[in-house]
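Novice: Below you will find the structure I want to go over with you.
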């Protein structure tokens, strides 16, 4: 499960890490939530990587009216290649989701404690994503995405049984290259991250409200 994440790196750092031909200007975001506009990296027809803005919450192309459909924020990697909602995107529209960390919660409703999972050495991670392009009968369009999840590694297990799939830089090209029209090799990349990749930090409970934003969300929890 991944229902909230952060992207606080400067735009030029994102451009350098993902080697994109463009760099979109965006503020540091500590509390990215579903339905918000988010940054993805995708492969252009000419084979270059580009940054692009979409909405977090996948709408399959076959949906008649998005207002009657519950948007999908995560996709199980084990079945994504078979599910009607994801199989087209798995073959043709794989993307990367830049992040500096993601969150999980423990505790009882009303007193849940958020935990930040971030790279142990700092910097960025690339979560595996699926992008979709929805076109309505009236010509309206929506660009959306979902984050792929896999079973938890030993770092994640005490907090949740699922975690985002993290793609390493040496596999960016393989993940983004959809020219073959198949997802066979890409599926081999859908594994839990190494246990030593991430560290866990307890952060402010103010993060529980998706309307809250800013660096104070990464302060120590209130007593």
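In my numbering, the protein residues as written are 118 to 340.
Ideal placement from N, C-alpha and C gives every residue a C-beta, glycine not left out.
Helix, strand or coil for residue 207, going by three-state DSSP, please let me know.
Specialist: Helix, per DSSP.
Novice: If residue 320 and residue 231 are in contact, beta carbons under 8 Å, what's the gap, nearest whole angstrom?
Specialist: With 8 Å as the limit, residue 320 and residue 231 qualify as a contact, their Cβ atoms being about 5 Å apart.
Novice: Going by alpha carbons, who is nearest to residue 254 out of 179, 219, 151, 339?
Specialist: Ranking 179, 219, 151, 339 by Cα distance to residue 254 puts 179 first.
Novice: Can you tell me where the beta strand (DSSP E) holding residue 341 begins and where it ends?
Specialist: No answer is possible for residue 341: it lies beyond the span of the chain, which begins at 118 and ends at 340.
Novice: What is the DSSP secondary structure of residue 179, counted as helix, strand or coil?
Specialist: DSSP places residue 179 in coil when its eight states are reduced to three.
Novice: As a quick exercise: from 118, 288, 293, 257, pick the residue whose alpha carbon is nearest that of residue 247.
Specialist: The shortest C-alpha separation from residue 247 is found at 293.
Novice: Measuring alpha carbon to alpha carbon, tell me which residue in 268, 251, 269 is nearest residue 261.
Specialist: It is 251 whose Cα lies nearest to the Cα of residue 261.
Novice: Can you tell me where the beta strand (DSSP E) with residue 219 in it begins and where it stops?
Specialist: Residue 219 -> beta strand (DSSP E) spans 218 to 223.
Novice: Restricting to runs no shorter than 3 residues, where is the beta strand (DSSP E) found entirely within the segment 262 to 307?
Specialist: DSSP runs (the beta strand (DSSP E)) wholly in the segment 262 to 307: 279 to 281.
Novice: Under a Cβ-count criterion, where at least 16 other Cβ atoms within 10 Å of its own Cβ denotes burial, should residue 265 be classed as buried or exposed?
Specialist: Burial call: buried.
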